[in-house]
Amino acid sequence: MNETIRELLARVGGLPVAVTELEDAADLYSAGLSSFASVQLMLAIEEAFDIEFPDSLLNRKSFASISAIEQTVAQILKAREAA
Amino acid sequence: MDMQVSFLDRLFDAGLLIDTGVDGLYGRSGQFEDVIAAFERLIDRIGGADGAEAMRFPPGMNRAFFEQSGYMKSFPQLAGTVHSFCGNELDHMSLLKCMEVGEEDWTKGQEATDIVLTPAACYPLYPTVARRGKLPKSGALYDLQSYCFRHEPSKDPARQQLFRMREYICMGTESHVTDFRQRWMDRGVEMMKSIGLDVTIDIANDPFFGRAGKMLVNNQRDQNLKFELLIPITSVAKPTACMSFNYHQDSFGLKWGLNLEDGSVAHTACVGFGLERIALALFHTHGLDVKTWPENVRATLWG
C-alpha cells in the first residue's frame, strides 16, 4: 500500500521534492502539497483502492503524511470488511 | 421559502427592486441605491484613513486571468462567460432563421469572447498588482468595488445573480494580513451595530463544487480561513452572510507571483461587503420606508 500511495503522490501531488526523499511521517503540506493537489490525491487513491472516503475523513489530517494516508485507507478498508 | 418569496414580493411592491422576469436579476430604485451609497460612505469613513489604493474595474475580466485563477476548479457551477456572434453573413441568416423557428437553441453558435463576468471584485486585482513588480515590505492595501456574477438563480432576494461587492484587499506578511482581517471583523460588528443590525460572526466556507469540494470545505474550515458576518434577512434560523473575511495564506501570492521586497511570497486577505445584502438587511430590519427608520440609524447613514 505504501508503494502505491507514493506512486500516486508522485503523479498528482505536484511536490517540488522527490517523493522518494520523503519519510513516511513527513508533513506533506510543509513539503508543498496544495489544497487542490490533496483533492487530486484523494480521488486517485479512491480509484486505486476502489474505496470512497466518507465525509468525516475528507480533511487535511487524513492526508497530512504518507503514514496518515495509509492509516486512513486501512481504516476505510477495515470498515468495509466489517460491513 | 414562503418568507423569502413574500419579502421579494414586498420589495417589488414597494418598488425598491424591479422584476426583470429572471430570478436573481433585478433593477434597483433610486431609494435602494441611495441606501447603498450611504453605506459605502460609512465604509469610507471607517476605512478611509487606512489609505487603501482605490481601483474600479467593470464587471467583466480578462478570460486568461480568470482561467489562471483556478475558479473553474472550485466553482464551475457559478461562473458566467461572455459569448458573442462571430460568424459571417451566411451564419447570420441561419441564426435569424433559427431564432424565428424557435425549435433549436440559437445560442449554440455563439463563441467565447475574451471576457468572463467577474466572480468577485478582487479577481482582476491580483494580476494587476503582480505586473507592477515587488510589493513594499510594509505591504499594500487596495479598495475595490464591482458588480459580480454568480449563476445561482433563486427567489431569495439576498441571493442575486448580479450584485455588488465592495472589498478591501491586503497583501503582506502573514501577521500583517491576519491583523488586517481581525481589525475588519471588529470594525464590521461595530459598523452594523451603529446602523441597528443584529449580527453574529461565524466560521464559514465557500461553495466548492462536488465531492472533491467537500474536502476543500473541510480544509477551509479546519484552518479558520473564512469567517462571515451574518444578519437575519429572510430567516432568523439561517441568517445571511453580509460580510466575509478571507485569509488566502500564500495561495494567491504563489499563483500570481506576488512577492515582497525581501523576495518572500506575499500572504493575502480580503474583506468583502455584500452591498445589496446589507441594504436588504436594513430594509428588513427597519422597514421598507426609510423615512420611518430609527433616527440614530438615519443619522449614521445620512448625517
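Those sequence lines, one after another, are chains C and A.
According to the working numbering, the first sequence is numbered sequentially starting from 5.
According to the working numbering, the second sequence is numbered sequentially starting from -2.
All residues carry an ideal CB built from backbone N, CA and C; glycine is no exception.
Between the options, which has its C-alpha nearest residue i's C-alpha?
| i | options | result |
| --- | --- | --- |
| V262/A | D183/A, S241/A, P133/A and F146/A | P133/A |
| E149/A | L122/A, P116/A, T125/A and R295/A | P116/A |
| F242/A | N59/A, I198/A and V79/A | I198/A |
| M58/A | T175/A, V196/A, R295/A and T125/A | T125/A |
| A83/C | I73/C, I70/C, F40/C and I55/C | I55/C |
| I200/A | N216/A, A209/A, A137/A and M52/A | N216/A |
| T78/A | A118/A, F160/A and R60/A | R60/A |
| T112/A | Y144/A, W290/A and S81/A | A quick correction: the sequence has Ile, not Thr, at residue 112/A. Considering only alpha carbons, the answer is S81/A. |
| E50/A | A276/A, G136/A, R184/A and T282/A | G136/A |
| R156/A | A266/A, G271/A, L222/A and G169/A | G271/A |
| P73/A | G210/A, F4/A and I230/A | G210/A |
| D176/A | G269/A, V19/A, T265/A and G18/A | T265/A |
| L19/C | T8/C, G36/C, T76/C and M5/C | G36/C |
| L22/A | A34/A, R161/A and C83/A | R161/A |
| R208/A | K70/A, Y144/A and R129/A | K70/A |
| Y123/A | M189/A, M52/A, P291/A and F146/A | M52/A |
| P58/C | L26/C, T76/C, A29/C and S34/C | T76/C |
| N63/C | Y33/C, V16/C, A14/C and L26/C | Y33/C |
| Y165/A | D31/A, A35/A, G44/A and L13/A | G44/A |
| E171/A | D247/A, C267/A, G84/A and R42/A | D247/A |
| K131/A | L114/A, M168/A, W103/A and Q107/A | M168/A |
| V233/A | L194/A, M212/A and L87/A | L194/A |
Measure from the C-beta of residue i to each C-beta in chain C and report whether the shortest distance is under 7 Å.
| i | result |
| --- | --- |
| A209/A | yes |
| D219/A | yes |
| T282/A | no |
| M189/A | no |
| L213/A | yes |
| N243/A | no |
| N216/A | yes |
| N202/A | no |
So, under 8 Å CB-CB, residue i and residue j are touching, yes? Tell me the CB distance rounded to an integer number of Å.
| i | j | result |
| --- | --- | --- |
| A238/A | E258/A | With a Cβ gap of about 35 Å, A238/A and E258/A do not count as contacting. |
| A127/A | L251/A | Between L251/A and A127/A the Cβ distance is about 11 Å, and since that is not below 8 Å, they are no contact. |
| Y244/A | V174/A | 7 Å |
| V21/C | R10/C | Actually they do not touch by this definition, with Cβ atoms about 13 Å apart. |
| A276/A | F29/A | 6 Å |
| F205/A | V214/A | 6 Å |
| L12/C | L45/C | 6 Å |
| H281/A | F63/A | H281/A to F63/A, Cβ: 34 Å. No contact. |
| R163/A | I230/A | Incorrect: roughly 18 Å between the Cβ atoms, too far for contact. |
| V141/A | C119/A | Per the sequence shown, residue 141/A should be read as Leu rather than Val. Contact flag correct, Cβ pair sits at about 6 Å. |
With 7 Å set as the bound, which would you pick, yes or no: does the beta-carbon of residue i sit closer than that to a beta-carbon of chain A?
| i | result |
| --- | --- |
| D59/C | yes |
| L89/C | With chain C represented from 5 up to 87, any question about residue 89/C goes unanswered, as that position is not in the structure. |
| I73/C | no |
| V21/C | no |
| T24/C | no |
| A68/C | no |
Span of the beta strand (DSSP E) holding residue i?
| i | result |
| --- | --- |
| H80/A | T78 to S81 |
| N59/A | G57 to N59 |
| D199/A | T197 to I200 |
| F270/A | H264 to G271 |
| E50/A | E50 to M52 |
| Y68/A | Careful: Y68/A lies outside any beta strand (DSSP E), inside the alpha helix (DSSP H) at Y68 to S71. |
| V113/A | E108 to L114 |
| L227/A | K223 to I228 |
| Q39/A | Going by the sequence as given, residue 39/A is Leu instead of Gln. Taken as a continuous stretch (DSSP letters only), L39/A belongs to no beta strand (DSSP E), being part of the alpha helix (DSSP H) at G27 to G44. |
Can you give me the start and stop residues for the alpha helix (DSSP H) that residue i sits inside?
| i | result |
| --- | --- |
| H148/A | Per DSSP, H148/A belongs to no alpha helix (DSSP H) and is neither H nor E. |
| D176/A | E171 to S191 |
| K94/A | E86 to V98 |
| I96/C | It is not possible to answer for residue 96/C, since the shown part of chain C is limited to 5 through 87. |
| L47/C | S39 to F53 |
| N215/A | G207 to D219 |
| Y123/A | L122 to R128 |
| V233/A | V233/A -> no alpha helix (DSSP H), and no H or E assigned at all. |
| T250/A | First, the residue type needs correcting, since residue 250/A is Gly and not Thr in the sequence shown. Segment S248 to W253, the alpha helix (DSSP H) holding G250/A. |
Shorter than 7 Å from the beta carbon of residue i to some beta carbon of chain B?
| i | result |
| --- | --- |
| G36/C | Judged by its chain identifiers, the structure shown contains no chain B, and its protein chains are C and A. |
> What residues in the region 156 to 174 of chain A bring their beta carbon closer than 8 Å to a beta carbon of chain C?
Replying inline: none
> Which residues, taken in chain order from the region 29 to 49 of chain C, show a beta carbon closer than 9 Å to some beta carbon of chain A?
Replying inline: S38, S39, F40, S42, V43, Q44, M46 and L47
>> So if I threshold CB-CB distances at 9 Å, which residues from the region 59 to 75 of chain A count as touching chain C?
In response: G67, K70 and S71
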